[in-house]
Amino acid sequence: MLQSPENDLFPFGLQDTKLSSNFRGRLVACLVVLGAAGTVSTVQSARSEIVETRDQQDHAGREPPVQVAREFQAEKSNTHKSLKKKASDLRLEYVAQQRNNLNTAEALPTISLQEGWNLNQALSMPEWFELNASILSQNNASFSSPPVQPTSSNLFNLGFRLMPLEAVRNGFSWQRDSTSPEQQAHQSFQSKIAINALFTQRAGQILSSSIPNQLNTQWNFGNGPIARLNYLNLEYKSEGELISMVKLGKLMQAQDFTVNPIQCYFSNFGLCGWAEGVPSMIDIPGNPFNSYGAVVAFGDSNNVNLRYGIYQIAPDTFAPKYHGLDFRFNQGNGVAHFAELRVPILTKAQIPVQVSQQNHISKASSWDQANAIYQSNLPPGTITLGGWLGSGSFQTVGDSESADSTNNGAYGIFSLRIPGFSLGLDHRIFLSGGLGFNPDVQKFYSGGQAGLVIEGLLPKRPFDTFSIGTSYASFNSDYFLPGLVPETYAPGTEWATELNYSFNLNQSLKLMPNIQFIVNPGGDPGVSPAVVAGFQVWLFF
-1 MLQSPENDLF PFGLQDTKLS SNFRGRLVAC LVVLGAAGTV STVQSARSEI
49 VETRDQQDHA GREPPVQVAR EFQAEKSNTH KSLKKKASDL RLEYVAQQRN
99 NLNTAEALPT ISLQEGWNLN QALSMPEWFE LNASILSQNN ASFSSPPVQP
149 TSSNLFNLGF RLMPLEAVRN GFSWQRDSTS PEQQAHQSFQ SKIAINALFT
199 QRAGQILSSS IPNQLNTQWN FGNGPIARLN YLNLEYKSEG ELISMVKLGK
249 LMQAQDFTVN PIQCYFSNFG LCGWAEGVPS MIDIPGNPFN SYGAVVAFGD
299 SNNVNLRYGI YQIAPDTFAP KYHGLDFRFN QGNGVAHFAE LRVPILTKAQ
349 IPVQVSQQNH ISKASSWDQA NAIYQSNLPP GTITLGGWLG SGSFQTVGDS
399 ESADSTNNGA YGIFSLRIPG FSLGLDHRIF LSGGLGFNPD VQKFYSGGQA
449 GLVIEGLLPK RPFDTFSIGT SYASFNSDYF LPGLVPETYA PGTEWATELN
499 YSFNLNQSLK LMPNIQFIVN PGGDPGVSPA VVAGFQVWLF F
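Sequential numbering from -1 applies to the sequence shown in my numbering.
Pasting the structure below:
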């Protein structure tokens, strides 16, 4: 779909064209010559003064020979002015070229992912109330021995936001500049305080229960027909202020810490945040559970910012019989403190491209060669460093009758676009890892993941994504997955690798076939690798 571009997306100095590079080179050379000329003229002037003084002392009463010095000073002054004028002309020429690039970009059409079906527009919802719904179906089958039955895990989400902070884009809320002018005109309501809620209905089973393995082949669990409240909270948000966000209520930790959106372009749950060891290392409210908590963010989210969160540790409230609706405050047996430093990496979402007569889209080497602007849907790059401090009563892994009072760990997430990478229209690589500091109470020593997501790999499918990634979980030697016989092997490290291709038909429909390889399932090196094929369907409304 073609849109008119926004006016403030291409500030001066961001276009790296050959012509601009030549301008900068010429300008620097000219300034160097100018500085050198000034230095020489200063030395020459000093020498002239010395000669003149000596001449006056040695030839008293005679007119000093200053005519030569005056002519030299005049010539030097003219040269200096000429160089200054040339440097000024080059600067003006460079600015004019940058303005020309800006005007060129403003005149280009924008190519963005087609809009889908919008629930709020269909129901003519008022701007102060937003509904969002989605359906996720993950279907997997294993081709390894021993054979296991194919499984289907299905998730239904229904959420609302009262007094929305900003309009929600279907499935791509991290892209503030991805909406059309028509959407922007309609989405005018903004507030600093909102009430958020999300309810889920889960059905089916996951294949990992049958393999069995830890890095789940589907990341929405399943585990039977269970309806839950995922979260219910009050949120304050005001970008540009010292305290930019505050959130209170029934929270889900995975929404605020330990996960970057680029990690969830996969079906395997080990590639969508698990590798940081949360909640497998500490019983805090990971998806789909909730508990009482608070989160505060300091600094603008577009710049370096810090966030802190505190959660009640109350694993008994996760029981299916409560459906996430246990509002008793006295059920906790400890607290978990989270802190996270986020450093955004500047990643322009608008990319100059060339569109051929056959509608093939390829990256342009400069704005001068572009005939369209491509709107990427990948999240911005970031560097994230975080950790948690848990205090309370934590059951030890080796002895269920004993407990410890401390559970601490750290993690990091790194994602960015590689300069000069030629495949696709846009991409992100990511690297992530987590480490536990109290192995007596943690089922895993560490976890990590790495991957690559490419958008627009095929010229005629500019918004599809191709993803490949791997994840690992290093088992505590005293921990055995349910269904496995303890003491029959020494648990080691489980690996999961996934390759997938997502057909993003519009903002409401994504189809993703995938293949996964599970090595050392359950951390058992004596078990053959599992080969898993899957097909994922995701609907956003």
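Built from N, CA and C at the ideal position, the CB exists for glycine as well.
Check	Outcome
In angstroms, rounded to a whole number, what distance separates the CA positions of Ala488 and Glu125?	57 Å
Do Trp516 and Asn211 have their C-beta atoms closer together than 8 Å?	Note that residue 516 corresponds to Ile in the displayed sequence, not to Trp. Yes. Within cutoff.
What's the gap between the Cα of His358 and the Cα of Ile308?	50 Å
What residues in its chain sit with their C-beta under 8 Å from that of Asn421, if we drop five residues either side in the sequence?	It is Leu, not Asn, that sits at residue 421 in the sequence shown. Excluding residues within five positions, the ones whose Cβ falls inside 8 Å are Ile452, Leu455.
If we call anything under 8 Å between Cβ atoms a contact, is Leu227 one with Lys248?	yes
So, with DSSP's three-state summary, where would you put Trp365?	helix
What's the gap between the Cα of Val529 and the Cα of Pro145?	11 Å
What is the rounded straight-line gap between the Cα of Tyr470 and the Cα of Asp324?	34 Å
Identify whether Leu339 lies in helix, strand or coil by the three-state DSSP scheme.	strand
Express the C-alpha separation of Gln119 and Trp536 in angstroms, rounding to a whole number.	20 Å
If you draw a straight line from the C-alpha of Gln393 to the C-alpha of Phe336, how long is it?	20 Å
Starting from Ala120 and walking both ways along the alpha helix (DSSP H), at which residues does that stretch end?	117 to 120
Among Arg459, Gly449, Thr315, Trp493, which has the Cα closest to the Cα of Ser110?	Arg459
Less than 8 Å between the CB atoms is what I'm expecting for Gln261 and Ser430, so what's the real figure, rounded?	7 Å
With a 10 Å radius around its C-beta and 16 neighbouring C-beta atoms as the bar for buried, classify Asn502 as buried or exposed.	buried
I'd like to confirm the pairing. Which residues does DSSP put opposite Ala192 in its beta bridges?	Glu233
Name the DSSP bridge partner or partners of Gly431?	Gly410, Gly446
Inspect the beta-carbon positions of Ser242 and Ser299 and report whether they are closer than 8 Å.	yes
Across which residues does DSSP place Trp386 in a beta bridge pair?	Phe336, Gly407
So, with DSSP's three-state summary, where would you put Ile513?	strand
Please state whether DSSP places Ala312 in a helix, a strand or coil.	coil
Apart from the five residues on each side of it in sequence, which residues of its chain come closer than 8 Å, Cβ to Cβ, to Met279?	Asn405, Gly407, Gly432, Gly434, Gln440, Lys441, Phe442
Here's a check: name, in chain order, each residue in its chain whose Cβ is nearer than 6 Å to the Cβ of Pro148, leaving out the five neighbours to either side.	Ala139
Please name the residue in Gln203, Gly238, Gln136, Leu479 whose C-alpha comes closest to that of Val395.	Leu479
By a C-beta neighbour count over all protein chains shown, 10 Å radius and 16 as the cutoff for buried, is Gly332 buried or exposed?	buried
Nearest to Arg340 by CA position, among Gln367, Ile349, Lys319, Gly297, is which residue?	Gly297
Which residue from Thr198, Ala401, Phe461, Pro457 puts its Cα closest to that of Asn436?	Ala401
What is the residue span of the beta strand (DSSP E) that Leu246 lies within?	241 to 249
Does the beta-carbon distance from Thr315 to Ser289 come in below 8 Å?	yes
May I ask you to list the residues that DSSP assigns as paired with Val535?	Ser135, Leu509
For Phe618 and Ala494, what's the separation of their Cα atoms in angstroms?	Here the chain has residues from -1 to 539 only, and residue 618 is not among them.
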